[in-house]
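Asker:
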Amino acid sequence: MATYNGTSGNDTINGSPSDDDIFGGQGNDALRGADGNDTIYGEEGSDSLDGGAGNDTLIGGLGNDTLTGGAQTDTAVFSGKWSDYTIARDSSGRIIVSDNRAPSSNYDGIDTVSSVEYFRFADISGIGTVDVALANILNVAPQTDTVTGSGLEDAASVAVTLSASDSDGSVASFRLVSVPVGGTLFSDAALLTVISEGSTVGAVGNTAIVYFKPAANWSGTATFEFAAVDNLGRDDASPATASVTIAPVNDAATIAGTVSGAVTEDTVVTASGTLTIADVDAGEATVQTIAAGTAGDAGYGTFAVSAAGVWSYTLNNAAPAVQALGAGGTLADTITVWSADGTASQLITIAIAGTNDVATIAGTVSGAVVEDTVVTATGTLAIADVDAGEATLQAIAAGTAGDAGYGTFAVSAAGVWSYTLNNAAPAVQALGVGGTLADTITVWSADGTASQVITVAIAGENDAPTLEAHSAGTIVETASQDVHFDPIIGRLEGYDVDNDPLSYMVVKEDGSTDAIKVGTYGTLTVHEDGTYIYDPNAAAIDALTEHATDVFTVATFDGVERTETTLTINIDGVNDTPDDISWSLMGGVDEDGVVTNPIVAEFSRIGYVVGKLDVRNNGEPQQALTFELVDNDDGVISIDSTGLVKILDPTNLTVEGYGYDPENEVSEVEPDVLGYSFFVRVTDALGASFIVQQYFTIAEQIKFSGVTVLERLNGFSNTFDLTAEDGESSVLGGMFRYGNNFVDGGGGNDTLTTGDRNPDPAIWAGGNDVLVGGTGNDTLNAGNGSVNQLDGGSGDDSLTAGSGDDWFVGGTGNDIIATGDGHDIVQYSWTSESGALRSDVYAVSTAGITTSWSDTINDFTVGTDKIAFTAGTATHSFGLGDAGVLAGAKLVVYSSTGGDHIAGTADDVIASGTEAVGSQLKYYAETGELWFDRNGSDGLADAYKVATLNGDPVLTASDLLLV
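Laid out in structure tokens, this is it:
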């Protein structure tokens with residue numbers, strides 16, 4: 001297939017033997033298709049198109065063209081509809097097609113057509129095409145008739161008959177060129193199918209019926225154009241007009257808006273509103289006017305209504321029926337309003353409300369009551385009301401609280417009222433003489449138009465105060481509280497509902513009052529504010545043997561009346577028992593009470609005083625006591641009236657002692673205890689008795705020499721008396737683990753050790769030992785008894801004790817004394833507190849200083865005795881200032897690593913009575929106190945006192961040693 005395109009000039013184009021597309025372009029062109037099925041476009045200019053052989057399509061385009069089909073079946077194509085052209089045959093038999101449309105871009109001009117079998121036009125819709133055979137091309141177009149129709153407004157539909165004629169055929173259909181306004185066209189009587197513009201309606205007998213449905217309330221003439229189409233498809237190029245006339249009809253109006261109003265007797269006597277009128281008929285949206293003054297249907301007032309619907313009503317307030325209305329009573333008045341065309345009406349209704357006439361209330365409107373005496377008041381109210389049946393009150397139920405709440409009211413419908421005072425109300429009771437209150441209530445008429453306040457005056461009376469006496473406790477006589485008793489402090493609680501100021505006092509026997517009264521067991525003092533204090537009489541209470549009370553009458557006074565009550569002081573007296581019972585082993589006390597030696601030497605003779613029971617109460621000896629041995633019949637001991645226990649038969653002292661069960665009052669043997677145990681019943685003058693148990697251990701005389709080990713005595717708590725033979729001796733043994741031991745080294749250089757030597761801490765409990773070194777250079781090591789006594793005697797001795805509060809006696813010689821953790825005493829002899837015969841050393845280890853010891857050094861001699869400090873495991877040690885030179889009583893601390901001072905230069909020392917940061921050892925010459933401060937803090941907050949040197953000696957460098 002080939003395509004040929006012409007130029008803008010006059011072209012001659014011959015096609016190929018195949019199917020060709022030939023375009024002439026501009027100019028007057030000669031276009032030939034030759035063989036094949038060719039499509040030839042003349043385009044612009046007056047062109048000559050020859051299809052040649054084949055089935056060709058010839059499109060002349062613009063200009064006056066000559067179209068020759070040639071052999072076979074050819075088609076001439078035109079841009080317009082068939083009805084747009086005039087078609088005729090000339091004298092030569094050619095078809096002349098003339099375009100009746102105005103020249104335009106699609107104007108075909110006047111074409112001459114020959115040897116063409118079909119003519120192609122646009123169809124009547126203008127969208128598709130239609131081919132007309134040569135035999136029909138000269139068909140005459142049908143003629144469309146002008147038609148009319150008529151109907152009424154709002155009709156269901158109006159039938160319109162379309163008609164036409166055709167001189168050489170018949171009318172097949174009608175094409176709608178336009179559609180009417182003011183309604184809708186339908187092709188069926190059922191109004192199911194709408195006819196739109198461009199659609200067709202089939203014709204029967206050259207006619208067709210269409211149906212016009214007017215729009216609601218529309219009237220006037222509606223037109224539309226239509227054209228007939230003949231049986232060959234050619235339509236009438238000149239459409240006809242159909243006219244449908246719709247005659248108007250009168251439409252019913254509607255009335256809405258404000259159709260009611262309200263007036264009230266004597267107050268609101270006019271009402272107004274506006275009706276809204278709707279009518280689709282032009283100029284008819286009004287109502288028929290009603291002149292002002294037109295009486296309503298009931299005649300209670302007059303109406304006025306304008307054409308626009310504005311209405312008003314005026315009540316005839318003087319009408320008898322109107323004035324007869326009471327509160328809640330109603331009447332009604334009406335009038336009917338019509339639309340201008342009379343098709344609609346509306347009733348305007350006016351509601352007329354009655355008013356209540358104001359009532360009046362008079363009568364008894366006040367009353368009075370008095371606290372505690374006259375507690376009710378009554379009266380009657382009078383009510384008047386012109387409205388029939390309304391001359392009553394709104395009743396108030398009995399028990400209704402007054403406005404202030406001091407009482408309750410009751411009011412009947414007839415006006416009878418009463419008031420009952422709530423006499424117990426706090427505010428009422430708080431009224432004093434001359435005090436007043438008021439309570440009120442408001443009473444209303446039945447119709448609520450009138451009210452009246454009833455007022456009740458409340459007068460006060462004086463109320464006596466109340467009084468409570470609160471005891472602050474009981475005085476209890478006990479062993480610890482027998483001589484002095486704490487006072488009882490309490491308060492009298494008075495209350496006066498009248499809120500009068502109160503005063504307080506104690507009442508005497510004659511009825512007079514005072515602030516102070518002496519009782520049986522103490523003195524009561526009452527203050528103005530109600531507080532009191534009871535000061536006990538200790539002597540009187542101590543004399544009590546049972547419970548007792550001290551009773552006082554107390555009172556409060558409000559300025560008018562006095563109220564009394566009783567204040568009772570409870571005292572629990574008891575028969576006093578001793579608070580201090582001691583058993584003293586007398587040692588070398590003979591029958592005459594003369595002390596020969598503080599150490600027990602022997603129990604070898606009858607009449608030897610073992611010890612004494614001392615019974616005291618509050619530190620004072622108890623009098624008139626009797627002592628009785630309980631369950632003791634072996635004849636070993638006796639006890640006299642003073643509590644002295646003596647030996648009667650020493651032969652039985654080696655047997656096991658006896659125990660006593662005071663609860664069951666039976667004896668039982670205690671085989672694990674060697675010694676002698678006994679029970680004593682002590683009875684006082686009032687017959688109170690109690691049983692105490694005491695014991696003493698058997699003392700034996702043991703001689704030893706050399707090294708004596710007494711392990712065989714482990715486990716016993718006896719007290720042994722050991723005396724060494726002259727010569728160097730040593731005693732070490734478990735026998736000293738528990739007992740209160742006496743060891744005498746005698747002559748020679750001895751080593752005496754007592755106390756627990758077992759590493760098990762559960763049994764570290766040494767007795768209270770007495771170690772006597774005697775002559776020679778001795779070593780004395782005491783245990784952990786509570787009070788050990790170490791006597792070095794003569795010679796250069798070493799004395800070391802445990803954790804108890806020990807007593808060190810250096811004696812003559814150069815002694816070393818190492819105290820333990822207790823509060824120890826260091827001195828020259830048992831009887832002297834000053835003056836050592838030789839140089840002694842008081843030794844302290846800083847490792848054990850974790851609490852204040854408060855040891856006492858009684859006989860420190862400056863220049864002779866020494867105080868030595870050992871570092872132990874501490875991080876710092878002590879030394880003397882500036883290469884061992886110490887001036888006055890100044891001390892300084894050195895680090896453990898060398899010669900640098902912890903606190904600065906070599907002169908950085910502590911002067912007497914002053915403190916310095918960094919010093920660990922502080923001595924105060926003013927007090928003799930020696931302190932250790934491991935942290936070197938400022939002051940003594942973290943320090944521990946090591947010892948006190950009696951006599952406050954001023955230390956020198958020679959008095960201190962660093963070990």
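Under full-length UniProt numbering, the sequence shown has 205 at position 205, and the numbering climbs by one with no breaks.
The beta carbon of each residue, even a glycine, is placed where N, CA and C say it ideally should be.
(1) Kindly list the residues whose CB is nearer than 7 Å to the CB of Leu-648, restricted to its own chain and excluding five residues on each side of it in sequence; keep chain order.
(2) How many Å lie between Leu-176 and Thr-343 at the Cα?
(3) Hey, could you find the ends of the alpha helix (DSSP H) Gly-542 is sitting in?
(4) Identify which residue in Ser-150, Tyr-118 and Asp-123 has its Cα closest to the Cα of Ile-137.
(5) Report the start-end ranges of each beta strand (DSSP E) in the segment 500-572 that is 3 residues or longer and not cut off at the edges.
(6) When the distance is taken between beta carbons, is Val-140 closer than 7 Å to Ser-167?
(7) Counting beta carbon pairs with one atom in the segment 540-553 and one in the segment 445-459, are three or more of them shorter than 8 Å?
(8) Within 10 angstroms of the Cβ of Val-249, are there 16 or more other Cβ atoms? Answer buried if so, exposed if not.
(9) Inspect the CB distances between the segment 32-52 and the segment 78-86 and report whether three or more fall short of 8 Å.
(10) I need the DSSP call for Val-370, collapsed to helix, strand or coil.
(11) Tell me whether the beta-carbon of Val-369 lies closer than 7 Å to the beta-carbon of Leu-421.
(12) Suppose the cutoff is 8 Å on Cβ atoms and the five residues either side in sequence are ignored; what does the same chain contact list for Val-179 look like?
(13) Decide if Val-132 is buried, meaning its Cβ has at least 16 other Cβ atoms within 10 Å, or exposed.
(14) Please classify Pro-501 as buried or exposed, where buried requires at least 16 neighbouring CB atoms within 10 angstroms.
(15) Tell me the rounded alpha-carbon separation between Val-116 and Ser-187.
(16) Runs of 3 residues minimum, wholly inside the segment 143-205: which ones carry the beta strand (DSSP E) assignment?
(17) In three-state terms, what does DSSP make of Asp-230?
(18) In three-state DSSP terms, what is Ala-382?
(19) Measure the C-alpha to C-alpha separation of Pro-214 and Gly-283 and round it to an integer number of angstroms.
(20) The alpha helix (DSSP H) that contains Gln-429, what's its start and end?
(21) I'd like to know if the segment 144-160 and the segment 201-215 are in contact, where contact means that at least 3 CB-CB pairs between them fall below 8 Å.
(22) Assuming contact is defined by CB atoms lying nearer than 7 Å, are Tyr-406 and Asp-372 in contact in what I supplied?
(23) Counting beta carbon pairs with one atom in the segment 46-60 and one in the segment 30-38, are three or more of them shorter than 8 Å?
(24) Less than 7 Å separating the beta-carbons of Thr-302 and Thr-286?
(25) Within 10 angstroms of its Cβ, does Pro-142 collect 16 or more other Cβ (buried), or is it exposed?
(26) Over the uninterrupted beta strand (DSSP E) stretch that includes Pro-214, give me the two end residues.
(27) Below 6 Å CB to CB, which residues in the same chain sit around Ala-883 once its five sequence neighbours on both sides are set aside?
(28) To the nearest angstrom, report how far apart Val-946 and Leu-930 are at their CA atoms.
(29) Residues in its own chain within less than 6 Å of Ala-353 by CB, not counting five upstream and five downstream?
(30) Which word fits Lys-508, buried or exposed, when buried means at least 16 other C-beta atoms lie within 10 angstroms of its C-beta?
(31) Below 8 Å on the Cβ atoms is my guess for Asn-206 versus Asp-251; work out the distance and round it to an integer in Å.
(32) Measuring alpha carbon to alpha carbon, tell me which of Gly-309, Trp-444 and Thr-861 ends up nearest Ala-340.
(33) For a quick check, are the C-beta atoms of Glu-561 and Ala-464 less than 7 Å apart?
(34) Exposed or buried, what is Ile-255 when buried is set at 16 or more other beta-carbons lying within 10 Å of its beta-carbon?
(35) Distance, Cα to Cα, Gly-399 vs Thr-408?
(36) Which first and last residues belong to the beta strand (DSSP E) in which Ala-291 is found?
Answerer: With the given structure in hand:
(1) Ile-606, Gly-635, Val-636, Ile-637 and Ser-638, listed in sequence order.
(2) About 40 Å.
(3) Position check: residue 542 holds Asp in this sequence, whereas Gly was assumed. Asp-542 -> alpha helix (DSSP H) spans 538-542.
(4) The option with the nearest alpha carbon to Ile-137 is Tyr-118.
(5) You should have 503-507, 516-518, 522-526, 531-536, 547-557 and 562-572.
(6) If you check the CB distance, Ser-167 and Val-140 come in under 7 Å.
(7) As far as the Cβ criterion goes, the segment 445-459 does not touch the segment 540-553, which means the pair count is below three.
(8) Exposed is the call here.
(9) Two segments are said to touch when three or more pairs of C-beta atoms, one from each, lie closer than 8 Å; by this definition the segment 32-52 does not touch the segment 78-86.
(10) Secondary structure of Val-370 (DSSP, three-state): strand.
(11) Contact flag set, yes.
(12) These residues qualify, in order along the chain: Leu-185, Ile-195, Ser-196, Glu-197 and Phe-224.
(13) With 16 or more Cβ atoms within 10 Å of its Cβ, Val-132 is classed as buried.
(14) Under the 10 Å beta carbon count, Pro-501 is surrounded by fewer than 16 other beta carbons and is classified as exposed.
(15) Counting only the Cα atoms, Ser-187 lies some 40 Å from Val-116.
(16) Correct list: 147-152, 158-165, 171-176, 183-186 and 200-202.
(17) In the three-state reduction of the DSSP assignment, Asp-230 falls in the strand class, which pools E and B.
(18) Secondary structure of Ala-382 (DSSP, three-state): strand.
(19) Using only the alpha carbons, I get a separation of about 21 Å.
(20) Segment 426-429, the alpha helix (DSSP H) holding Gln-429.
(21) Cβ pair count under 8 Å is three or more, so yes.
(22) In this structure, Asp-372 does not lie closer than 7 Å to Tyr-406 by Cβ.
(23) As far as the Cβ criterion goes, the segment 30-38 touches the segment 46-60, which means the pair count is three or higher.
(24) Cβ atoms of Thr-302 and Thr-286: not closer than 7 Å.
(25) Only buried fits Pro-142, as 16 or more other CB atoms lie within 10 angstroms of its CB.
(26) Note, Pro-214: beta strand (DSSP E), 207-214.
(27) At Ala-883 the pLDDT is 35, less than 50, meaning the model places this residue with poor confidence; the figure from the coordinates comes in the next sentence. For Ala-883, where only same-chain residues beyond five positions count, there are no Cβ hits under 6 Å.
(28) Rounded to whole angstroms, Val-946 to Leu-930 spans 6 Å at the Cα level.
(29) Sequence-distant Cβ neighbours of Ala-353 in its own chain, meaning closer than 6 Å and more than five residues away, are Thr-264 and Thr-330.
(30) Classification of Lys-508: exposed, given that the 10 Å Cβ count is below 16.
(31) Contact flag wrong, Cβ pair sits at about 40 Å.
(32) If we check each option's Cα against that of Ala-340, Gly-309 comes out closest.
(33) Cβ atoms of Glu-561 and Ala-464: closer than 7 Å.
(34) Per the 10 Å Cβ criterion, buried.
(35) Cα to Cα, Gly-399 sits roughly 5 Å from Thr-408.
(36) Counting along the chain, the beta strand (DSSP E) containing Ala-291 begins and ends at 290-295.
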